[in-house]
Amino acid sequence: NAGVTQTPKFRILKIGQSMTLQCTQDMNHNYMYWYRQDPGMGLKLIYYSVGAGITDKGEVPNGYNVSRSTTEDFPLRLELAAPSQTSVYFCAGAGVSSYNEQFFGPGTRLTVL
Amino acid sequence: AQSVTQLDSQVPVFEEAPVELRCNYSSSVSVYLFWYVQYPNQGLQLLLKYLSGSTLVESINGFEAEFNKSQTSFHLRKPSVHISDTAEYFCAVSDPSGNEKLTFGTGTRLTIIP
Chain A
30 NAGVTQTPKF RILKIGQSMT LQCTQDMNHN YMYWYRQDPG MGLKLIYYSV GAGITDKGEV
90 PNGYNVSRST TEDFPLRLEL AAPSQTSVYF CAGAGVSSYN EQFFGPGTRL TVL
Chain B
197 AQSVTQLDSQ VPVFEEAPVE LRCNYSSSVS VYLFWYVQYP NQGLQLLLKY LSGSTLVESI
257 NGFEAEFNKS QTSFHLRKPS VHISDTAEYF CAVSDPSGNE KLTFGTGTRL TIIP
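Residue numbers (our numbering), protein chains in the order written: chain A, 30 to 142; chain B, 197 to 310.
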């Protein structure tokens with residue numbers, strides 16, 4: 030199993046551009062999550078999904094959108110990139126009754142200039 | 197709502213010395229507790245977890261953590277650190293609202309001095 034994979038690894042965007050961060054898992058996780066990690070701030074939950082077709086906002090959803098058309102994929106969309114969205118983004122997955130244990134992807138480092 | 201506090205943002209330690217990384221949490225209900233480790237330029241990996249039972253839990257690489265309900269703490273310890281332990285360590289607590297969510301602390305960067 031590849032686990033949770035994310036693409037791209039790095040990306041530089043100009044202000045106002047849009048992009049999609051891809052996340053795919055082959056662990057049959059029902060639950061999937063998007064976090065952003067900023068220095069000294071820990072991980073903040075952006076959006077999460079409890080299954081295909083179901084998504085919900087986390088702590089910091091503004092400026093982002095998600096979709097979950099399949100169990101495996103959970104892309105994160107930035108429509109109008111802003112410098113405040115410069116961060117490292119992590120996708121994670123968890124199974125039903127996994128006692129909250131989450132499995133993380135390797136991350137995407139995004140810079141908005 | 198629950199929260200996690202990691203008071204030490206950076207901890208420098210000499211190689212082969214002991215270390216303790218502190219974690220305190222607040223929650224009105226029973227929780228599960230986790231320590232994740234993030235090596236440079238990598239994602240987070242589970243280091244150890246407390247679900248129930250014995251309050252002392254261990255990892256395969258020599259770390260241990262003790263759940264202390266009265267002090268609402270879950271401190272991480274290792275008796276002798278190695279250069280390879282250089283990483284950022286995150287404490288996390290389960291979100292009682294369900295959906296397998298976690299609330300993370302702000303992390304502690306452990307630096308091993310040769």
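Every residue gets a Cβ at the ideal spot worked out from N, C-alpha and C, and that includes glycine.
What does residue 303/B reach in chain A if we use C-beta pairs closer than 7 Å?
-> Near residue 303/B (Cβ distances below 7 Å), the residues of chain A are 71.
Please name the residue, chosen from 284/B, 290/B and 219/B, that lies closest to residue 236/B on a Cα-to-Cα basis.
-> It is 284/B.
Can a CB atom of chain B be found closer than 8 Å to the CB of residue 131/A?
-> Chain B, which has a Cβ nearer than 8 Å to the Cβ of residue 131/A, makes this yes.
Report, in whole angstroms, the separation of the C-beta atoms of residue 374/B and residue 228/B, which I expect to be a contact under 8 Å.
-> Here chain B has residues from 197 to 310 only, and residue 374/B is not among them.
Check whether the Cβ atoms of residue 232/B and residue 217/B sit closer than 8 Å, and answer yes or no.
-> No, the Cβ-Cβ distance between residue 232/B and residue 217/B is not below 8 Å.
Considering only residues of the region 71 to 137 of chain A, which uninterrupted beta strand (DSSP E) runs meet the minimum length of 3 residues and lie entirely inside it, listed in chain order?
-> Segments of the beta strand (DSSP E) lying fully in the region 71 to 137 of chain A: 71 to 80, 83 to 86, 93 to 95, 105 to 107 and 116 to 123.
Roughly how many angstroms lie between the CA atoms of residue 128/A and residue 271/B, to the nearest whole one?
-> One C-alpha to the other measures close to 20 Å.
Closer than 7 Å: is that where the CB of residue 49/A sits relative to any heavy atom of the ligand HEM?
-> Only the bare structure without any ligand can be found here, which leaves the ligand HEM out of the picture.
Quick one, are the C-beta atoms of residue 215/B and residue 277/B less than 8 Å apart?
-> At the C-beta level, residue 215/B and residue 277/B come within 8 Å of one another.
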